[in-house]
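Chains as they are written, first to last, in our numbering: chain W, 1 to 661; chain F, 662 to 1322.
Rendered as structure tokens:
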């Protein structure tokens, strides 16, 4: 589908969160967790009122910058973003459900932010409090525009949620000021941020203000990135080669910052994974809103590289801890992996933006993969412990100093992090999950995710109410009740056929509909009709346990198999299967039985498999031996969904299991 | 065998190198390479006369310290050891074959060293030239006693080779001075070196001088190590926590330096591998010479931990680049391995010392394993390129920045190193190889290594000439002609039955001798008789290609097999088998055919195997797929001896190959 036949592609409008009400057994647990635990807990942390947690200083930094308190700046140079992401998550919660008490807290925080803002619109407490004369001297490392971007996202979200302009006005003033500082015109700084984020934020600001200045500025940051002479190198020279972090003379790693090439010339995902994901999200946005096909083509190329060569089966991205970065094609080690939770959230942002331009199921497939595996797995069932790194294979003996290449891998979720990007990112994603279920384009409502609840959507000039009922992700039966709310009743309902599903059935008001070529469009089952109130579309997605293999060039997975059922990737845990999981082998013919289990992990489907195990106790103790291997023993292996791992104490885990040849 | 029944064990005497003349097709190539290429090349490097090589400064540092030249110290704080190791290697060469020209060069160097030595005996050009007031202030990091140890080894070796006392006297004065500085007595420094080496060197100094002071000092360094309060921590406090290398405040990693526990309480190999090997060598020496059973027991315990839980099949040790160190039991990753060449040389030293105390074949087996695989593999066939790290699996795409966890792994040998410990270490080992073939204890000559040549050994008060003839390591037939040189003709000749050999035959003067329990002793075949001139002992060791498996707890090797023939571990290389070696599978029943090939790698035995390959070109391009795997294709895999890898350009290599279950 070439959306660029017209001068500018149509792009789906944002769906307001009060128009999509989630009522879903699986997701309500997590959304409530965010509302009842994560966001309140975060607020306490941000205010340094949490015993045991590392001090944050984030709110206090704003109070100091506002002149309300004396003291020194505390925390990372990007500490402000914790407050911004918290406000953004709160906004989504308020957009869905009004909550005057919470809104009052947010308003008070916004007042402080307003007081912290400088005369000229500048707003970054690190530089206001600590180094007022160093503004814009170290874009490479000091995250000023990244901080701005998160505050802009918060301002937009709060305005959308409450209609209140105060924070929006603050960030508009900040953005206006930034626009006077950056650009290729004489006297301006021809720079861009070391951590992309402001690009996508400026698009949002444009969306709510319709002020073209913000879109232009966002586009400028993308256009300028990677142009020669390299801004980060020039900046480093001006600082006499001194790094902010180490104080030493250093070279700047251009690839780490995706500034080694102009963005349109980047063909392989490289460098820091979160930075790339945020950049691509902004690129897709700007491409769509400006009709810039070359920018969109770059998105397509990088999308393709990521999902066909550099993505874990869990939707994790970033194969190396060194720079929290992509490495190279097919290099997907399961144990020394990075796969930061935030990077998968970024991948969801990017996929969502691509879906808004060209609704093809491949984007939603990846969105679902990242969401149901890495992202939801990033948070413990108590909402208070988080993974930053999401390994696909863990041996606790090797972590924590056993072998230092695993120093970044934690075998259990940790309570909070000094650099606390992941927990608030999970909060803002899950509290806005309603945005990701549907998009509307032309006369079609696209259903990307199967999540129970009600929605009111605008399509073809009219309005329609949808009611989705399902036990997804555990069961593949989905019913959608369609009720037009206006005289416009002629439109298409498109339902994604997931990549993991090879057999599906559709009924409309009980009548079977064949899923032939006329119906299938870009991976969606389309139902086009004149809709009547309470029409029922029923989709049955066969959800067997499937065996998945990797591309043979993925060295770490050769000879191995992973199990998947529906959107869930499964794993073996020591809690169910004992230690030394590498000793297990799954015969090719092993029967795989899914079974619903209610217990410590909630109500989940486990998979039982007849497996074989090489028991080291039968071995002769030699480190190397020419003796015959002892025969393998039969055992029943139990797999659980990957997202649920490490909720039962510390133990081994593996997604990929050896397969008998 | 409990050697400690007597108060003090008997310990084999050193065999002089002019009494063991190697005439061996395999080894002469390498020994000549050391003599004709490595040592001359090194001398040019040490004198900064080598274009293209990094400057060394090593000789110049001595000239500056001697007042013969003006200038600054250049190089590492332990740069002096390059000169010392060179002199040691030269000594071994001179001991075997007089060479007046080379001796003249060495004498001149020794003159300069003598002029560099300080009035009080101190000798370390870094501190003499650069920080004269900082002597003994940073034992942890600055290698002063390590430097002293290498100079002592050189002094001993040169005296043994030439009878000249000059360097020996220099190092005696240095050692005497050190003895006045260190000790637990009041006013002395209760310390020890950050890099063990002086312990084993002082034993050698004791051996040639018979001065008990040196043995006591060596023992002191071992006894004091790891005692509380920890010397390195106290020293760090005195330096206000400042590190030599980074200038930052740092904690000292006691385990890295094997100073976390008294040496007798250390039960698992931990920390920097070379340091541990040198320490254990010194421990075995001191234990034997002082009759210290607790020290010997510690050697046994650590030997056992190393060879049954932490040693690569190639005789490499050190599983992690972080600290060039041991990691934990059964953690033997093939790709992120360290396995420094010097660590395997240290393992050979340790094994050799254990053999001198208790001749059990298990020590010689490990010595052979390290020698024929990691050590000889550490040097290229041109004698000018060296491996520091010896991986068992390499993907060049992953090295050199592909994934930074492989930054320490080089896919081809490099010309020289800034920190040049390995090349001179290989040189001194290979030029003294004659020391490792035989030991004599009681009335028995033990033959540990099968290397052709002639030897004249003292046994039971008499002298005997041995002439070993063999095409080992390619062929398992060994003939030893025994000719007593004196009236004493009653002694035992013991021949090691290697651990890789399950079938052997012995003939004495053509008569078969059954290898029964009366003959087999601690892994040696013993032949006891009254020998006549030109008696011939013929040993035939069956040398089939064998399949080796790892202990099941070695995760990286599970489901994999390695091939070995004689002492050689084999590997697959891209040059013979194309890229993506991980796609190969060896069926359990695959026929394995050894074949002699003369070519670029010299005259070697290759192994051909009927293997299977999963060809990625038959795959559907998806990163993950539920499709059936394509059928594997038959192919002939060619294995070469591990030591010969990376002599045909850059390419993949693997020792462990997937085995069909």
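Quick reminder that beta carbons are idealized off the backbone N, C-alpha and C, glycines included.
Under the assumption that residue i contacts residue j (Cβ atoms under 8 Å), give the Cβ distance between them as a whole number of angstroms.
i                      : j                      : result
residue 80 (chain W)   : residue 124 (chain W)  : 6 Å
residue 339 (chain W)  : residue 374 (chain W)  : 6 Å
residue 241 (chain W)  : residue 250 (chain W)  : 7 Å
residue 951 (chain F)  : residue 876 (chain F)  : 7 Å
residue 139 (chain W)  : residue 187 (chain W)  : 17 Å between Cβ atoms; not a contact.
residue 281 (chain W)  : residue 200 (chain W)  : 5 Å
residue 1226 (chain F) : residue 1255 (chain F) : 6 Å
residue 1270 (chain F) : residue 1247 (chain F) : 6 Å
residue 1137 (chain F) : residue 1202 (chain F) : 3 Å
residue 1099 (chain F) : residue 676 (chain F)  : 6 Å
residue 224 (chain W)  : residue 184 (chain W)  : 7 Å
Starting from residue i and walking both ways along the beta strand (DSSP E), at which residues does that stretch end?
i                      : result
residue 1185 (chain F) : 1185-1191
residue 1296 (chain F) : 1294-1302
residue 538 (chain W)  : 535-541
residue 598 (chain W)  : 592-599
Excluding five sequence neighbours on each side, which residues of the same chain lie with their C-beta closer than 6 Å to the C-beta of residue i?
i                      : result
residue 264 (chain W)  : 294 and 298
residue 1200 (chain F) : 1139, 1156 and 1167
residue 272 (chain W)  : 256, 323, 324 and 325
residue 1306 (chain F) : 1232, 1234 and 1314
residue 268 (chain W)  : 305
residue 236 (chain W)  : 252
From residue i to residue j, what does the alpha carbon distance come to, in whole angstroms?
i                      : j                      : result
residue 421 (chain W)  : residue 584 (chain W)  : 36 Å
residue 119 (chain W)  : residue 920 (chain F)  : 59 Å
residue 47 (chain W)   : residue 55 (chain W)   : 8 Å
residue 1189 (chain F) : residue 1153 (chain F) : 4 Å
residue 1291 (chain F) : residue 365 (chain W)  : 25 Å
residue 157 (chain W)  : residue 70 (chain W)   : 30 Å
residue 1 (chain W)    : residue 285 (chain W)  : In this prediction, residue 1 (chain W) scores a pLDDT of 43, lower than 50, which makes its location untrustworthy; the coordinate-derived value is nonetheless stated afterwards. Taking the straight line joining both Cα atoms gives about 18 Å.
residue 796 (chain F)  : residue 788 (chain F)  : 6 Å
residue 428 (chain W)  : residue 380 (chain W)  : 16 Å
residue 1316 (chain F) : residue 1039 (chain F) : 15 Å
residue 815 (chain F)  : residue 743 (chain F)  : 11 Å
residue 1084 (chain F) : residue 330 (chain W)  : 35 Å
residue 931 (chain F)  : residue 964 (chain F)  : 12 Å
residue 625 (chain W)  : residue 1177 (chain F) : 23 Å
residue 804 (chain F)  : residue 1133 (chain F) : 40 Å
Give me, in chain order, the residues of the same chain whose beta-carbon lies closer than 8 Å to that of residue i; leave out the 5 immediate sequence neighbours on both sides.
i                     : result
residue 520 (chain W) : 497 and 526
Does the ligand HEM have a heavy atom nearer than 7 Å to the CB of residue i?
i                     : result
residue 750 (chain F) : Only the bare structure without any ligand can be found here, which leaves the ligand HEM out of the picture.
Which residue marks the beginning of the alpha helix (DSSP H) containing residue i, and which one marks its end?
i                     : result
residue 167 (chain W) : 166-181
residue 770 (chain F) : 761-777
residue 498 (chain W) : Segment: none, residue 498 (chain W) is in no alpha helix (DSSP H) and carries neither H nor E.
residue 255 (chain W) : Segment: none, residue 255 (chain W) is in no alpha helix (DSSP H) and carries neither H nor E.
In chain order, what residues of the same chain lie with their CB nearer than 7 Å to the CB of residue i, ignoring the 5 residues before and after it?
i                      : result
residue 522 (chain W)  : 1, 359, 360 and 361
residue 1302 (chain F) : 1229, 1231 and 1265
residue 63 (chain W)   : 69 and 112
Does the region 985-996 of chain F come close enough to the region 1043-1057 of chain F to have 3 or more Cβ pairs within less than 8 Å?
Result yes; three or more Cβ-Cβ pairs closer than 8 Å.
Measuring CB atoms only, is the region 831-840 of chain F touching the region 882-896 of chain F, in the sense that at least three cross pairs come out at less than 8 Å?
No, the region 831-840 of chain F is not in contact with the region 882-896 of chain F.
Quick check: the region 351-362 of chain W against the region 403-416 of chain W, are at least 3 beta-carbon pairs closer than 8 Å?
The answer is no - the region 351-362 of chain W does not touch the region 403-416 of chain W, with fewer than three Cβ pairs under 8 Å.
Does the contact criterion of 3 or more C-beta pairs under 8 Å hold for the region 811-828 of chain F versus the region 738-752 of chain F?
Touching, yes, given that three or more Cβ pairs across the two stretches are closer than 8 Å.
With a threshold of 8 Å, are at least 3 pairs of Cβ atoms found where one atom belongs to the region 456-472 of chain W and the other to the region 378-385 of chain W?
The region 456-472 of chain W, when compared against the region 378-385 of chain W, does not touch it at the 8 Å Cβ threshold.
Determine contact between the region 1259-1266 of chain F and the region 1277-1296 of chain F, defined as no fewer than three beta-carbon pairs at a distance below 8 Å.
Under the 8 Å Cβ criterion, the region 1259-1266 of chain F does not count as touching the region 1277-1296 of chain F, having fewer than three qualifying pairs.
Could you tell me whether the region 100-114 of chain W touches the region 450-463 of chain W, using the rule of 3 or more Cβ pairs below 8 Å?
Result no; under three Cβ-Cβ pairs closer than 8 Å.
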